[in-house]
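A.B. asks: Residues 53 to 916 (this note's numbering) make up the sequence shown, in order.
Glycine included, every Cβ here is placed at the ideal spot set by N, Cα and C.
I'd like to ask some things about the structure below.
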Amino acid sequence: AYENQTTPTCPATTTLFVDQNATGNNSGDDWPNAQPDLALALSDAARCDVEEVWVATGTYLPGSERADSFHLAPSVAVYGGFAGNETERDERNWVSNPTILSGDIGTPNDTSDNSYHVVYAEGAAGTVITSTTIIDGFTLTKGTADGPGLNSMGGGIFCNGIGSGNECSPSLSNLIFQENTASFWGGGIYNQGEGGISSPSLTNVVFYNNTADRGAGIYNYGYNGISSPSLTNVTFFGNTANRGGGMYNYGFNGDSSPLLTNVILWRDSGIGPEIYNLDAYPTVSYSLLMGGLEHISNGGASMVIDGGNNLDLSPKFEDATNGDLRLQDGSPAIDRGDDSAPGLSGIATDLDGNPRFADWYGDNINIIDMGAYENQTTLYCPSTATIYVDHYASGNNSGDDWPNAQSDLAVALALAANCDVNEIWVAEGTYYPGNDRADRFNIVPGVAVYGGFEGDETEFDDRDWIAHPTILSGDIGTPNDNSDNSYHVVYADGTTGIPIEASTILDGFTITAGNANVDYPDNQGGGYYCNGVGSNSQCNPNLTNITFLNNSASGGGALINDGYNNGNSSPSLLNVNFFDNSAFTGGAMINYSYLGTSSPNLTNVIFSGNTAVSGGAIHNSFLLGNSNPSLINVTFSNNIADYEGGAISNEGDYGSSGTNNIRLSNVIMWGNSSPNGNQIYNLDATVSITNSLIQGGIAGIYNEGISNVIDGGNNIDSDPLFIDAANENLRLQTGSPAIDAGDDVVCPAADLDGVIRPLGTACDMGAYEFWGLAITAVSAIDAELAWQDPMTSCTYDVFENSEPYFTPATPTYLNVTSAHPLNGRLGDPLTNYFFINRATCAGGTMVYSNTVGEFDFALVPGSE
């Protein structure tokens, strides 16, 4: 009924200025006279000789009706991020001047009345949209495509290239797609290439918390046509769909072959959580995908083309939960991209506007990072072959010495992987691998990592890991709530082509609070995952002076040694405790050798309080593989299996060509329980037992299938007389039958406490050597006291008392920290003296000797 009387005019220049707060004549000729309505400005750009649209900071709505959208004009570049006074495009800053295109046109935060599509790119109306059509520097949010037909697709952008001869392939740069939704396809972007072409190029783009039925981030529809976008330095996180949380590619009877380079896809969800393909052929290069390429779901005739250099490691975002997808120092995505990626031509900055190609390792080699953001930190390799780590250091974080120690162990490990580093020294404290459940401490092949330093030592032998506990904890979320803990606290990857051998050492740590409770492989090895999977892979590190405490998993609560598929995972464990870990199989450890090898060597090891259904402490699985662990001076106590093998379960398969010959020497198994084999359960396994104490004896071992127990002799079944098994003190009391009952041939040089073996006539069984600190009065004239040194790390104190009974409450105290024996000389004799010796050893352990006396002597003057 009414005719619009406005006579449209075109701007005087090829650049049209937009500012919702402008108060001039709205011509769009300059900033003072900017057009306040972006939708109207885009309409003007489509009919006028406009090349660029500059948009000032603010939140812009496409209209008041749900069908309203911002319509891109063919061959026009639209740039956001201006303050509103710039004269050059390069002066803009889209981080400081956020420019938001929002579909929240109705009741605020009520999505039921939002725009179906925030942006609409129409390449099927007679004019194609190619790479000269640009949108750059915006956040697109709150598009809600929940209407009928095509209005159920493309909440953020609907890119329409449907039909023969039509195309929608714009350039999308420096964009954030956040909280857009589609009831059908493409929460962030829907690329409609049916019968035509819809293949945008995306650079420096984030997709965060978008939702759809399929393709929450992007849906590429190439039915009878082409939809093969190019993605370079794009990050997906937290997008949710029934299929294809990050991206869905459909190419039936057409082509959907997206090219992904330097892309991160992490923690999206759905079937095919990162990528779902149906008759599609994406190429993925230099990218990081959660679960790796094998985690991509493929339907129909789909195939993923591996362009190489892809990762499956936590990207270590700064704060992904709150949308900060920048990379932390030490992220594996740093310097791991492809500088020659097709979308990088002319691109010098990242999504923050910071320089690309930053030099993270200080080696003057500038390599692009993966993802939308470039880490801007430059860390230099340490000046020595040792990196110092101290959580409380306040220096320059170079890691060159204790005052300038690196404060983050994960960063130190990343440096060690790229620098000429042999050792990492770690001061006491609690260290966390990151803030994502997939974060872990990644072991570096050939590097020795030592804990237990106070933080001022100059000599390696000065450390004391008991006095200075160094804890690696997976309790990264809510304290004491393991539902948000790290899947693996420590990870050793021997599948990269660089074997993990004995020179790779972890020594002097407590590993705790790992919880591997999701899908394989993140349901194995809560404390430590030793990955030797695949032909020519090898994970055979040394683990020394380690305590695994309160870790959990489906398999191997504390440790998995995974030698699956012709691999090898056979670490050596010396002086290791496994306390209170749990799993379905292998409460503390699982040795998995299906089609491979897993034969660890354990010496001076304790398993106590671990629980599982099968294998309360250890589960050996050897179907078609080899699992032949060696256990020397190992103690098992109070481990529980609900079904089989209270201490150990050994399982193969009837007729399997695998081998399982577990060898036990000087081992104690006492107080473990299970309905089927309190101590050991065997299925098609061979167990050799020598000089060991097994509750229930050899006859009590539960055997099924083709199992065999070889009695190597000198085995006993008597209470070992632990000092306090209920509190995990498994040292031996006087009179224990395990004392002097071991085999000296295999006996290690020292026990778990560092006590020299053997002290008696033979090595003791179990992880601890019994020692009663004995002193003798060699000479009653000179009062020469002599005793045997059981440990190199002990100091000795002698107490004396002149009454008939030694009274420790009021002794005269003599410090004896030098070489013994203690010598006194004749002088003014005192009668009826008694002496007692006390050893104080590593970690504060104290042992008292017998009492000697009474004889006359005088002490050297000044010694009292």
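Give the range of the alpha helix (DSSP H) segment to which Arg-295 is assigned.
C.D. replies: First-last for Arg-295: 292–295, but that is the beta strand (DSSP E), not the alpha helix (DSSP H).
A.B. asks: Going by DSSP, what residues sit across from Gly-351 in a beta bridge?
C.D. replies: Leu-330
A.B. asks: Taking 8 Å as the threshold, find out whether the region 575–589 comes into contact with the region 612–626 through three or more Cβ pairs.
C.D. replies: yes
A.B. asks: With distances taken from CA atoms, which of Ser-204, Asp-513, Ala-605 and Asn-166 is nearest Gly-638?
C.D. replies: Ala-605
A.B. asks: Please return the same chain residues whose Cβ sits closer than 6 Å to the Cβ of Ser-250, not counting the five positions on each side in sequence.
C.D. replies: Only Cys-211, Gly-213, Cys-220, Asn-243, Gln-244 and Ser-279 meet the Cβ criterion.
A.B. asks: Should Ala-610 and Gly-579 be called a contact, given that it needs their Cβ atoms to be closer than 8 Å?
C.D. replies: yes
A.B. asks: Is DSSP giving Arg-141 helix, strand or coil here?
C.D. replies: helix
A.B. asks: To the nearest angstrom, report how far apart Ser-282 and Pro-485 are at their CA atoms.
C.D. replies: 33 Å
A.B. asks: Going by C-alpha to C-alpha distance, which of Met-641, Asn-633 and Asn-602 sits closest to Ser-621?
C.D. replies: Of the listed residues, the one whose Cα sits closest to Ser-621 is Met-641.
A.B. asks: Compare the beta carbon distance of Leu-773 and Ser-759 with 8 Å and say whether it is the shorter of the two.
C.D. replies: no
A.B. asks: Does Ile-258 come out as helix, strand or coil in the three-state DSSP assignment?
C.D. replies: Reading off the sequence, residue 258 comes out as Val, not Ile. In the structure shown, Val-258 sits in a strand (DSSP, three-state: E or B).
A.B. asks: Which class does Pro-407 belong to by DSSP, given the choice of helix, strand or coil?
C.D. replies: strand
A.B. asks: Let me check one thing: in DSSP terms, what residues is Glu-246 bridge-paired to?
C.D. replies: Bridge partners of Glu-246: none, in fact.
A.B. asks: Quick check: the region 477–496 against the region 432–452, are at least 3 beta-carbon pairs closer than 8 Å?
C.D. replies: yes
A.B. asks: Starting from the Cα of Ala-177, find the closest Cα among Pro-367, Gly-215, Pro-114 and Asn-145 and give me that residue.
C.D. replies: Gly-215
A.B. asks: In the DSSP assignment, find the unbroken beta strand (DSSP E) run with Asn-226 in it and report its ends.
C.D. replies: 223–230
A.B. asks: To which residues of the same chain is Gly-661 closer than 6 Å at the C-beta, ignoring the five residues directly before and after it?
C.D. replies: Around Gly-661: Phe-631, Asp-632 and Asn-690.
A.B. asks: I need the straight-line Cα distance from Thr-429 to Asp-387, nearest angstrom please.
C.D. replies: 11 Å
A.B. asks: Can you check DSSP and say which residues form a bridge with Gly-110?
C.D. replies: Thr-151
A.B. asks: Are the CB atoms of Met-817 and Val-739 within a distance shorter than 8 Å?
C.D. replies: no
A.B. asks: My guess is that Asn-743 and Asp-795 are in contact by the Cβ rule of under 8 Å, so how many angstroms apart are they, rounded?
C.D. replies: With a beta-carbon spacing of about 4 Å, Asn-743 and Asp-795 fall inside the 8 Å limit used to define contacts.
A.B. asks: Does DSSP put Leu-773 in a helix, a strand or coil?
C.D. replies: coil
A.B. asks: How many angstroms separate the CA atom of Gly-405 from the CA atom of Gly-507?
C.D. replies: 40 Å
A.B. asks: On the DSSP letters alone, give me the boundaries of the beta strand (DSSP E) that Asn-301 sits inside.
C.D. replies: Its beta strand (DSSP E) spans residues 299–302.
A.B. asks: Could you tell me the boundaries of the alpha helix (DSSP H) in which Ala-99 lies?
C.D. replies: For clarity, residue 99 is Arg in the given sequence; the question names Ala instead. First-last of the alpha helix (DSSP H) with Arg-99: 90–99.
A.B. asks: Closest to Ser-435 by C-alpha separation, out of Asp-421, Tyr-425 and Asp-453, would be which residue?
C.D. replies: Asp-453
A.B. asks: Below 8 Å, can you find three or more Cβ-Cβ pairs linking the region 162–182 to the region 137–144?
C.D. replies: no
A.B. asks: How would you write the range of the alpha helix (DSSP H) that Ala-462 sits in, first residue to last?
C.D. replies: 461–470
A.B. asks: Under three-state DSSP, which class holds Gln-72?
C.D. replies: coil
A.B. asks: Less than 8 Å separating the beta-carbons of Pro-593 and Ala-544?
C.D. replies: yes
A.B. asks: With a threshold of 8 Å on Cβ separation, who are the neighbours of Asn-85 within its own chain once the five nearest residues in sequence on each side are excluded?
C.D. replies: Phe-69, Ala-74, Gly-76, Asn-77, Asn-78 and Ser-79
A.B. asks: In the DSSP output, which residue or residues are listed as bridge partners for Glu-219?
C.D. replies: Ile-249
A.B. asks: Output the distance between the C-alpha atoms of Asp-71 and Val-105, rounded to the nearest integer angstrom.
C.D. replies: 11 Å
A.B. asks: Can you grab the Cα-Cα spacing for the pair Tyr-695 / Asn-672, in whole Å?
C.D. replies: Our two residues, Tyr-695 and Asn-672, have alpha carbons roughly 15 Å apart in a direct line.
A.B. asks: Go ahead and label Gly-322 buried or exposed: buried means 16 or more other beta carbons lie within 10 angstroms of its beta carbon, across all protein chains shown.
C.D. replies: buried
A.B. asks: Using the C-alpha atoms, what's the distance from Ile-181 back to Ser-204?
C.D. replies: Within the model, the alpha-carbon separation for Ser-204 versus Ile-181 is close to 22 Å.
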